[in-house]
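**Student:** Residue numbers (our numbering): 1 to 138.
The structure's right below; bear with me while I get my questions together.
Structure follows, in structure tokens:
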């Protein structure tokens with residue numbers, strides 16, 4: 001069994017990560033799952049959520065939008081519609097955007113269903129950003 005996994009994280013804008021890690025926990029569409037070195041090959045879809053990667057006892061976090069997760073020969077490739085490294089998220093900005101999303105959701109609730117669902121999805125993304133960013137403060 002290999003000792004490390006190679007993690008490649010790519011969004012439409014750029015490659016965010018290319019590192020060796022001990023373990024990865026990801027938000028699959030059917031629920032969270034973990035991957036260790038030597039894991040069998042597979043491909044799955046990802047939902048909006050938090051990806052955690054562990055290396056030498058330290059955890060790091062990524063706010064992910066939907067995407068795909070593939071494991072082949074101890075290499076994990078994550079293709080995400082959007083992703084932000086937790087350590088790079090500005091917590092104050094994330095909180096401000098979350099509050100704006102909450103206001104938009106409340107306003108959309110009185111408008112129409114499509115606007116409401118879009119605002120609801122935006123709020124989920126902003127809540128995730130705040131949650132991930134908070135792990136690096138304090």
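Glycine included, every Cβ here is placed at the ideal spot set by N, Cα and C.
Which residue or residues does DSSP assign as beta-bridge partners of residue 19?
**Tutor:** 7
**Student:** Quick check: the segment 26-40 against the segment 91-106, are there 3 or more CB pairs under 8 Å?
**Tutor:** Touching, no, given that fewer than three Cβ pairs across the two stretches are closer than 8 Å.
**Student:** Does the beta-carbon of residue 19 have 16 or more other beta-carbons within 10 angstroms, so that it is buried, or is it exposed?
**Tutor:** Exposed: under 16 other Cβ atoms inside 10 Å.
**Student:** In or out: residue 110 buried (at least 16 other Cβ within 10 Å) or exposed?
**Tutor:** Taking all protein chains shown into account, residue 110 has fewer than 16 neighbouring C-beta atoms within 10 Å of its C-beta and is therefore exposed.
**Student:** Considering only the alpha carbon of each residue, which of 91, 53, 7, 74 lies closest to residue 38?
**Tutor:** Ranking 91, 53, 7, 74 by Cα distance to residue 38 puts 74 first.
**Student:** Quick check on residue 117: buried or exposed, where buried means 16 or more other Cβ atoms within 10 Å of its Cβ?
**Tutor:** exposed
**Student:** Judging by CA-CA distance, which residue of 82, 32, 51 is the nearest neighbour of residue 66?
**Tutor:** 82
**Student:** Whose C-beta lies closer than 7 Å to the C-beta of residue 120 among residues of the same chain, with five residues either side of it excluded?
**Tutor:** 105
**Student:** What is the DSSP secondary structure of residue 95, counted as helix, strand or coil?
**Tutor:** Secondary structure of residue 95 (DSSP, three-state): helix.
**Student:** Can you name the start and end residues of the alpha helix (DSSP H) that residue 132 belongs to?
**Tutor:** Unbroken alpha helix (DSSP H) run through residue 132: 113-134.
**Student:** Mind checking residue 43: buried by the 16 CB within 10 Å criterion, or exposed?
**Tutor:** exposed
**Student:** Quick one: residues in its chain with C-beta nearer than 8 Å to the C-beta of residue 46, no 5 flanking neighbours on either side, listed in chain order?
**Tutor:** 26, 27, 28, 29, 64, 66, 67, 68, 69, 78, 80
**Student:** Put residue 64 into one of helix, strand or coil per three-state DSSP.
**Tutor:** Of the three classes helix, strand and coil, the one that applies to residue 64 here is strand, per DSSP.
**Student:** Can you check which of these residues, 40, 96, 13, 14, is closest to residue 203 by C-alpha distance?
**Tutor:** What is shown of the chain runs 1 to 138, which leaves residue 203 out entirely.
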